[in-house]
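Colleague: Residue numbers (our numbering): 1395 to 1572. First, the structure itself, so that you have it in front of you.
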């Protein structure tokens, strides 16, 4: 299997990004639902959640660079304009959400007076002052983005299964890791 994408298939690098991000995002949902919201100063799940959120942000930036040099495969022949628009729109939404979620997360912590560390290697520079109203708004953004991300993942999976079982095209097969 080639590292680079082709006109009809994803290369192993794109597949690794895709499936790696999937498992990291699933882990983030678990972490986000299992730490105490007021535990910003303790070590544990909250700090891990913050670090993994930053990891997602870094991976998205690397993925942008990879995608710029490796265009995605063409949609199957016969794909309608509305369906193509929906597919591309959902991918853009994923990128917006996966950038917005960690940014909102950093805003929450900093607006509550905390510090966000990347696995203890470095701290994110402070770019917002302590302000409860900012923290409240960032928490709302984070919650809404998380819910939209969850629903978007379900839609993405549903559409992949639709392509595989109903349309019987290669959309799902070209992203499978085997």
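Virtual Cβ for every residue (Gly too), placed ideally from N, Cα, C.
Hey, residue 1540 and residue 1495 are a contact pair by Cβ (cut 8 angstroms); roughly how many whole angstroms apart?
Modeller: Taking the chain shown and counting its residues from 1, the one referred to as residue 1540 is at position 146. Taking the chain shown and counting its residues from 1, the one referred to as residue 1495 is at position 101. The pair is a contact, with the Cβ atoms about 6 angstroms apart (cut-off 8 angstroms).
Colleague: Using a 10 Å radius around the Cβ and a threshold of 16 neighbouring Cβ atoms, would you call residue 1425 buried or exposed?
Modeller: Reading the chain shown from its first residue, position 31 is the one you call residue 1425. By the neighbour-count rule (16 or more Cβ atoms within 10 Å), residue 1425 is buried.
Colleague: Distance, Cα to Cα, residue 1435 vs residue 1510?
Modeller: Counted from its first residue, the chain shown places residue 1435 at position 41. Counted from its first residue, the chain shown places residue 1510 at position 116. A caution first: residue 1435 carries a pLDDT of 48, below 50, which makes its placement in the model unreliable, though a value can still be read off. Cα-Cα distance, rounded: 10 angstroms.
Colleague: Among all the DSSP beta bridges, which residues are the ones paired with residue 1517?
Modeller: Locating residue 1517 in the chain shown gives position 123, where the first residue counts as 1. DSSP output for residue 1517 lists 1511 as bridge partner(s).
Colleague: For residue 1507 versus residue 1524, is the C-beta distance shorter than 8 angstroms?
Modeller: Numbered from its first residue, the chain shown carries residue 1507 at position 113. Numbered from its first residue, the chain shown carries residue 1524 at position 130. Contact flag set, yes.
Colleague: Nearest-angstrom Cα distance between residue 1530 and residue 1497?
Modeller: Position 136 of the chain shown, counting from 1, holds the residue named residue 1530. Position 103 of the chain shown, counting from 1, holds the residue named residue 1497. In a straight line, the C-alpha of residue 1530 is about 14 angstroms away from that of residue 1497.
Colleague: Can you give me the Cβ contacts of residue 1450 inside the same chain, cut-off strictly under 8 angstroms, excluding the 5 residues immediately before and after it?
Modeller: Here residue 1450 refers to the residue found at position 56 of the chain shown. The answer, listed in chain order, is 1415, 1418, 1419, 1422, 1492, 1495 and 1496.
Colleague: Let me know the secondary structure DSSP gives residue 1563 once reduced to three states.
Modeller: On the chain shown, position 169 is the one that residue 1563 refers to. Of the three classes helix, strand and coil, the one that applies to residue 1563 here is coil, per DSSP.
Colleague: Does DSSP put residue 1390 in a helix, in a strand, or in coil?
Modeller: The displayed coordinates of the chain run from 1395 to 1572. Any statement about residue 1390 would go beyond what the structure contains.
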